[in-house]
Structure formats: structure tokens, C-alpha cells
Amino acid sequence: MKTLCLNLLLPCTLLLGATAAQAESMRCGSALVSIGDRAWEVEKKCGTPAHRDEVGYTLGGYDRREFRVEEWVYGPRNGTTYILTFEANRLKSIEFQRN
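Numbering (mature numbering (1 follows the signal peptide of the UniProt record, and there is no 0)), first residue to last: -23 to -1, 1 to 76.
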């Protein structure tokens, strides 16, 4: 029984370590970008992303308008890749993955 638990625990621990983490802000040189920043502000502070994808559209608010969803990729920087998700040109989430 103890061996079975150990055999299950190790893969689960490794899987958790491989997933992306969330952040509220990201440093670009001496500038800081945060959730809620506009896309042009992020590009001004961090430069052009290494990769940019239009992911799709989402419905927003009470009037059910469609908003564009984009992902920008920065890095790897110091062994970390950052994935920024924009919704209606506002930064909604910052994910990072250690390489």
C-alpha cells in the first residue's frame, strides 16, 4: 500500500511542477506591467513580443459584445517564458513557465 501511494505521489508532484503559474505583474527591464494595462502600454514597456496569436473572441458584459482575445509570448528571459492574454486590448492574465 505504501509503495502504491509513493508511485502515485511522484508523478502527480512532477505534473504540478510542469504546469504554468499565474502572476499579477511582470517586469520588463525597469518597467512593470500589470493586469488591466492596455496592449499599447505593454508593448511600449516590453517591446514587440516574440510571438503573437489571435486566440478568438469572447462575449462581454450585459450587452453581449464580442471582444478579441490575443496571446503574446515573451521570452525565454532568464529561463522563463511569459504568456500574456489580452481581452478587448486589456491585459487579463500573465502566465509564466520555467524552462
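C-beta atoms are modelled at their ideal positions from N, C-alpha and C, and glycine is treated no differently.
Exercise. To the nearest whole angstrom, what separates the beta carbons of ARG65 and GLY37, a pair I think is in contact under 8 Å?
Worked result: Note that residue 65 corresponds to Ala in the displayed sequence, not to Arg. GLY37 and ALA65 do touch by the CB rule: their CB atoms are close to 7 Å apart, below 8 Å.
For this session: Taking ALA(-1) as part of the beta strand (DSSP E), name the residues at either end of that continuous run.
Result: Annotation for ALA(-1): the continuous beta strand (DSSP E) segment containing it runs -3 to -1.
Problem set entry | Reduced DSSP secondary structure (H/G/I, E/B, other) of ALA27 | Note: ALA27 maps to coil in three-state DSSP.
Exercise. Taking the Cβ atom as the reference point for each residue, do residue 77 and PHE63 lie within a distance shorter than 7 Å?
Worked result: Outside the displayed span of the chain (-23 to 76) sits residue 77, for which this structure offers no information.
Exercise. What's the gap between the Cα of SER2 and the Cα of ILE12?
Worked result: Answer to the nearest angstrom: the Cα atoms are 6 Å apart.
Exercise. What's the C-alpha gap between ASP47 and ASP30?
Worked result: Note that residue 47 is Glu in the sequence shown here, rather than Asp. Distance from the CA atom of GLU47 to the CA atom of ASP30, rounded to whole angstroms, is 6 Å.
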